[in-house]
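Read through the structure below, which is laid out as structure tokens, and then see the notes.
Numbering (my numbering), first residue to last: 1 to 243.
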């Protein structure tokens, strides 16, 4: 059972199970980037157990969620009836359905990220926006663990993402990591404009829970760095892409 759980964490990542400062901050970013689309038809593409679906459903729009993992989709369905168990590369919706799509730390896990991006653009209405969070290759830790000699090691592994791509991908074949150029290439030839392209640091809620005020100071310093050239060391890309 433990082995199966670890394998799922490796392949699918770990979704948000609790709602804390980090999630609240990202929700605020989502609201700001969405503008009036927050009151439209919204898809969370890769919704995990439905934490963001639950929060978004309170903001005035019509919310749907899609999740590849059946067990997580079932959990999400307990929070919102509009959950579908399907793959992001083959979205089961007509073209031009959604005003807003949230893809929260999902593209790195799909089988074909180029196809997944094209599917999001297909089901977006003209003028609709995709809000995308993906892991940043410049972050000093690989947060999804690594494989070493056939065994999976969960947790934050330092400097893995700084290795040459071929070496990095041998240690972490289960998950992608993106430079800004990698992410831009996913949209080559597509009818989009980039509204926002930033890199953000994490909220470090676990550190704060353990170290209290010191953790809060550390978080404030790191989030200040988002406005400096050192933002390239941040945890995740946040891109706002309009069709």
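For every residue, glycine included, the Cβ atom is placed at its ideal position computed from N, Cα and C.
Review point. What are the start and end residues of each continuous alpha helix (DSSP H) run of 4 or more residues lying completely inside the segment 52-129, in chain order?
Key: 70-77 and 113-123
Exercise for review: Compute the distance between the beta-carbons of residue 123 and residue 116, then report whether it is under 9 Å.
Suggested key: Translated into the one-based positions of the chain shown, residue 123 becomes position 123. Translated into the one-based positions of the chain shown, residue 116 becomes position 116. No; because the gap between Cβ atoms is not below 9 Å, this pair is not in contact.
Exercise for review: Closer than 6 Å by C-beta to residue 132: which residues in its own chain qualify, once you throw out the five before and the five after it? Chain order, please.
Suggested key: Mapped onto the chain shown, residue 132 falls at position 132. Contacts found: 103 and 239.
**Study point:** Cα-Cα separation, residue 43 to residue 120
**Key:** Taking the chain shown and counting its residues from 1, one reaches residue 43 at position 43. Taking the chain shown and counting its residues from 1, one reaches residue 120 at position 120. Cα to Cα, residue 43 sits roughly 10 Å from residue 120.
Exercise for review: Grab me the residues of residue 130's own chain with a C-beta within less than 6 Å of its C-beta, minus the 5 sequence neighbours each way, in chain order.
Suggested key: Taking the first residue of the chain shown as position 1, residue 130 is located at position 130. Result list for residue 130: 101, 120 and 241, in chain order.
Exercise for review: Express the C-alpha separation of residue 21 and residue 50 in angstroms, rounding to a whole number.
Suggested key: If you number the chain shown from 1, residue 50 lands on position 50. If you number the chain shown from 1, residue 21 lands on position 21. Their backbone Cα atoms lie some 17 Å apart in a straight line.
Review point. Exposed or buried, what is residue 2 when buried is set at 16 or more other beta-carbons lying within 10 Å of its beta-carbon?
Key: Mapped onto the chain shown, residue 2 falls at position 2. In this prediction, residue 2 scores a pLDDT of 43, lower than 50, which makes its location untrustworthy; the coordinate-derived value is nonetheless stated afterwards. Per the 10 Å Cβ criterion, exposed.
Review point. For residue 55, which residues from the same chain have a beta carbon less than 6 Å from its beta carbon, with the 5 sequence-adjacent residues on both sides left out?
Key: For the purposes of this step, residue 55 is identified with residue 55 of the chain shown, where counting begins at 1. If we look at residue 55 and ignore the five residues flanking it on each side, its Cβ neighbours are 27.
Check your understanding: With a Cβ-Cβ cutoff of 9 Å, do residue 99 and residue 41 count as a contact?
Key -> The sequence position of residue 99 within the chain shown is 99, counting from 1. The sequence position of residue 41 within the chain shown is 41, counting from 1. Result yes, Cβ atoms of residue 99 and residue 41 sit closer than 9 Å.
Review point. At which residue ranges does the segment 137-184 contain complete beta strand (DSSP E) runs of 3 or more residues, listed in the order of the chain?
Key: 146-148 and 151-153
Review point. Are the segment 151-170 and the segment 215-225 touching by the rule of at least three beta carbon pairs closer than 8 Å?
Key: no
Review point. By the 10 Å Cβ neighbour count, where 16 or more other Cβ atoms means buried, how is residue 139 classified, buried or exposed?
Key: Within the chain shown, residue 139 is the residue found at index 139, counting from 1. Around the C-beta of residue 139, 16 or more other C-beta atoms lie within 10 Å, and the residue is accordingly described as buried.
Exercise for review: Could you check the C-alpha separation between residue 206 and residue 134 for me, to the nearest Å?
Suggested key: Sequence index remark: in the chain shown, residue 206 carries index 206 (1-based). Sequence index remark: in the chain shown, residue 134 carries index 134 (1-based). Computed Cα separation, rounded: 20 Å.
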